[in-house]
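Trainee: Take this structure first; my questions come after.
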Amino acid sequence: MRIDLALVERGLARSRNHASSLVESDRVLVNGKAARKSSQNVEEADKISVLDAVDYVSRAGHKLAKALDVFTEIDLVGKTALDVGASTGGFTDVLLRRGVSKVFAIDVGHEQMVEQLFEHPKVICVEGFNARELSPATLSERTGIQQSLINIDVVVADLSFISLTLVLKQMLSVAPNAEFILLVKPQFEVGKQSLSAHGLVNDHLLRAGAIKQVVTEAESLGLGIRGLERSELPGTHGNIEYVLWISPKELPNQSKWTDRIETVAKETK
1 MRIDLALVER GLARSRNHAS SLVESDRVLV NGKAARKSSQ NVEEADKISV LDAVDYVSRA
61 GHKLAKALDV FTEIDLVGKT ALDVGASTGG FTDVLLRRGV SKVFAIDVGH EQMVEQLFEH
121 PKVICVEGFN ARELSPATLS ERTGIQQSLI NIDVVVADLS FISLTLVLKQ MLSVAPNAEF
181 ILLVKPQFEV GKQSLSAHGL VNDHLLRAGA IKQVVTEAES LGLGIRGLER SELPGTHGNI
241 EYVLWISPKE LPNQSKWTDR IETVAKETK
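In full-length UniProt numbering, the protein residues as written are 1 to 269.
Structure below.
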């Protein structure tokens, strides 16, 4: 049986169109492996599951949501958040669903955030804002809110075409006491010379190096690791990505996490 039909039959999708969209967003697993096309055949004995039944505004939302399910010590209820690289609003959507009271959503682009989030009363969306220019003064200026009234509890970031090492200091400057949940994308950390012809970071040592590079910069700023997970959904061109939780409440501790970093970097499934 085709997998789109199987999803409907098993009550995992509303319709074949819905089933197809789930497959296309890499949210359907067959025996633990991502289904690649709606016409894929499955057997009655195959185990089919759908990653996170919530339909976030973008697939990026599922990356953050899954990490938060693991990082259970992070309490977002009533907190103020900063979403760096907000784009269409996948991370912002998750933050709102998890109970934050306010989200400052910034992105270098324009007119990307979906209307329902752009107009949400708890969202302050600032377009055309380069993360490298982030500071208490610029955030205050662009939002129209006094610096003394901006108290950020958690920072999330999903950035492309730039290394996190270039913006960590700026993010910390506006949120010195916040928890940081960062999407580490090796394809934007290792340099073009280390990518395959298809834009992939295939070497697990390079992937580990990308994570360590971000952690080293974080530690130079007084931040320590509290959690690290491989994203269940791939990134650009199918690249493996990682969700890193760092905090000013944790002392620099990369040496204690070396085994974990190298283990997750080796994972491909």
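For glycine and all other residues, C-beta sits at the position ideal for the given N, C-alpha and C.
All of these numbers come straight from a predicted model, not from anything done at the bench.
1. Would you grab the beta carbon distance between Leu221 and Lys256 for me? Rounded to a whole angstrom, and I think it's under 8 Å.
2. Thinking C-alpha only, which one of Pro136, Leu95 and Ala137 is nearest His120?
3. DSSP on residue 271, reduced to helix/strand/coil?
4. Enumerate in chain order the residues of its own chain whose CB-to-CB distance from Asn253 is below 7 Å, with the five nearest sequence positions on each side excluded.
5. So, under 8 Å CB-CB, residue 333 and Leu183 are touching, yes? Tell me the CB distance rounded to an integer number of Å.
6. Is Asn253 helix, strand or coil by DSSP?
7. Are the Cβ atoms of Gly227 and Phe91 separated by less than 7 Å?
8. Under the rule that 16 or more other beta-carbon atoms within 10 Å means buried, what is Leu159, buried or exposed?
9. Check whether the Cβ atoms of Val167 and Gln187 lie closer than 7 Å to each other.
10. Per the DSSP calculation, Phe118 is bridged to which residue(s)?
11. Leaving out five residues before and five after Ala233 in sequence, what residues of the same chain have Cβ atoms less than 7 Å from its Cβ?
12. With Arg230 as the anchor, note down where its beta strand (DSSP E) starts and where it stops.
13. Roughly how far, in whole angstroms, is the beta-carbon of Phe129 from the beta-carbon of Val155, given that I think they are within contact range, below 8 Å?
14. Which residue marks the beginning of the alpha helix (DSSP H) containing Leu172, and which one marks its end?
15. Using a Cβ-Cβ cut-off of 7 Å (strictly less than) and excluding sequence neighbours within five positions of Ala6, which residues of its own chain qualify?
16. How far does the beta strand (DSSP E) with Leu159 in it extend, from its first residue to its last?
17. With Arg98 and Leu134 assumed to form a contact (beta carbons below 8 Å), what rounded beta-carbon distance in angstroms separates them?
18. Would you mind giving the Cβ-Cβ distance between Val100 and Leu76, rounded to the nearest angstrom? I have them listed as a contact below 8 Å.
19. How long is the line joining the alpha carbons of Ser173 and Pro248, rounded to whole angstroms?
20. Leaving out the 5 sequence neighbours to the left and right, which residues in its chain are closer than 8 Å to Gly199 when beta-carbon positions are compared?
21. How would you label Gly89, buried or exposed, when you count the other beta carbons within 10 angstroms and need 16 or more for buried?
22. So which of Leu206, Leu251 and Leu195 has the shortest CA-CA distance to Glu219?
23. Using the Cα positions of Asn151 and Thr80, report the straight-line distance between them to the nearest angstrom.
24. For Ala86, name the three-state secondary structure that DSSP assigns.
25. Excluding the five sequence neighbours on either side, which residues of its own chain have a C-beta within less than 6 Å of the C-beta of Asp153, listed in chain order?
26. Taking only three categories from DSSP, how would you classify Arg2?
27. Taking only heavy atoms of the ligand FAD into account, decide whether any of them is closer than 6 Å to the Cβ of Ser247.
28. Rounding to the nearest angstrom, what Cα-Cα distance links Lys122 and Val84 in this structure?
Mentor: On the basis of the coordinates in this document:
1. About 18 Å; that fails the 8 Å criterion.
2. Leu95
3. Given a span of 1 to 269 for the chain in the structure shown, any question on residue 271 remains unanswerable.
4. Gly224 and Ile225
5. Residue 333 falls outside the range modelled here, since the chain spans only 1 to 269, and no answer is possible.
6. coil
7. no
8. buried
9. no
10. Beta-bridge pairing links Phe118 to no other residue.
11. One point to set straight first is that residue 233 is Leu, not Ala, in the sequence displayed. Closer than 7 Å at the Cβ level, and outside the excluded window around Leu233, lie Asp26, Arg59, His62 and Lys63.
12. Gly224 to Arg230
13. The Cβ separation is near 14 Å, so there is no contact.
14. Leu168 to Val174
15. Val42 and Ile48
16. Per DSSP, Leu159 belongs to no beta strand (DSSP E) and is neither H nor E.
17. That pair is no contact at about 23 Å.
18. 5 Å
19. 12 Å
20. Gln187, Thr236, His237 and Asn239
21. buried
22. Leu251
23. 7 Å
24. coil
25. Lys79, Thr80 and Ala178
26. strand
27. You won't find the ligand FAD in this model; it holds no ligand whatsoever.
28. 16 Å
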